[in-house]
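Please read the structure below before turning to the comments.
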Amino acid sequence: MDENNEVHTEFFDTYTRALIDRDAAAIADHYAVPAQIEFPGQRIAVTDASQTEGFFAGAFGQYEGVTDIDATVEVVAATGYSIWADVTWRYHGGAPDERNMYQLVRTEDGWKIAVLTPLTLE
Numbered sequence: 001m002d003e004n005n006e007v008h009t010e011f012f013d014t015y016t017r018a019l020i021d022r023d024a025a026a027i028a029d030h031y032a033v034p035a036q037i038e039f040p041g042q043r044i045a046v047t048d049a050s051q052t053e054g055f056f057a058g059a060f061g062q063y064e065g066v067t068d069i070d071a072t073v074e075v076v077a078a079t080g081y082s083i084w085a086d087v088t089w090r091y092h093g094g095a096p097d098e099r100n101m102y103q104l105v106r107t108e109d110g111w112k113i114a115v116l117t118p119l120t121l122e
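With the UniProt record's numbering, the residue at position 45 of the sequence shown is 45, and numbering never jumps.
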């Protein structure tokens, strides 16, 4: 895991910046294709980057008042090609906080989110 020690920090720093900037294209660039989103009662198979971009563009309204985000990242497992990160998002400005498990995978284009699963906030 030493070779990937900073991967998750750098990855979620740029992902957080894209969220704050409400840049749907930059957010979508953080997702692998294909990818799997496992929402409660809803499974989304991502087969095209435009799906992710459209999803986030349509969700920006719920984060309208958010001006800053704190992301606490805990790597729970890692290999040379995959990292599982438990991330708690604390939104400053009105949106409810969130917690998700991300599986990052190493692709030809760098590290990308392959699976996203919401978790219960503690």
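Built from N, CA and C at the ideal position, the CB exists for glycine as well.
A quick note: this is a predicted structure, and the numbers were derived from the prediction, not measured.
Outcome for residue i when other beta-carbon atoms lying within 10 angstroms are tallied against a minimum of 16
i, result
"THR67", "exposed"
"VAL87", "buried"
"ALA77", "exposed"
"ALA45", "exposed"
Spatial distance of residue i from residue j (CA atoms)
i, j, result
"THR47", "GLY80", "24 Å"
"THR16", "TRP89", "9 Å"
"THR14", "PRO40", "26 Å"
"PHE60", "ALA49", "17 Å"
"MET1", "GLU108", "The predicted position of MET1 is uncertain, since its pLDDT is 41 and thus under 50; no value can be drawn from it."
"GLY54", "ALA28", "9 Å"
"ALA71", "GLY93", "15 Å"
"SER82", "TYR102", "10 Å"
"ALA18", "ASP97", "17 Å"
"residue 123", "ARG106", "A query on residue 123 cannot be resolved here, the shown segment of the chain reaching from 1 to 122 and no further."
"GLY65", "PHE12", "21 Å"
Integer-rounded CB distance, given that residue j should sit under 8 Å from residue i
i, j, result
"ARG99", "LEU119", "4 Å"
"ALA35", "ALA114", "5 Å"
"THR52", "TYR31", "5 Å"
Short Cβ contact (8 Å threshold) for residue i with residue j
i, j, result
"VAL7", "TRP111", "yes"
"ILE69", "ILE37", "no"
"ALA24", "TYR63", "no"
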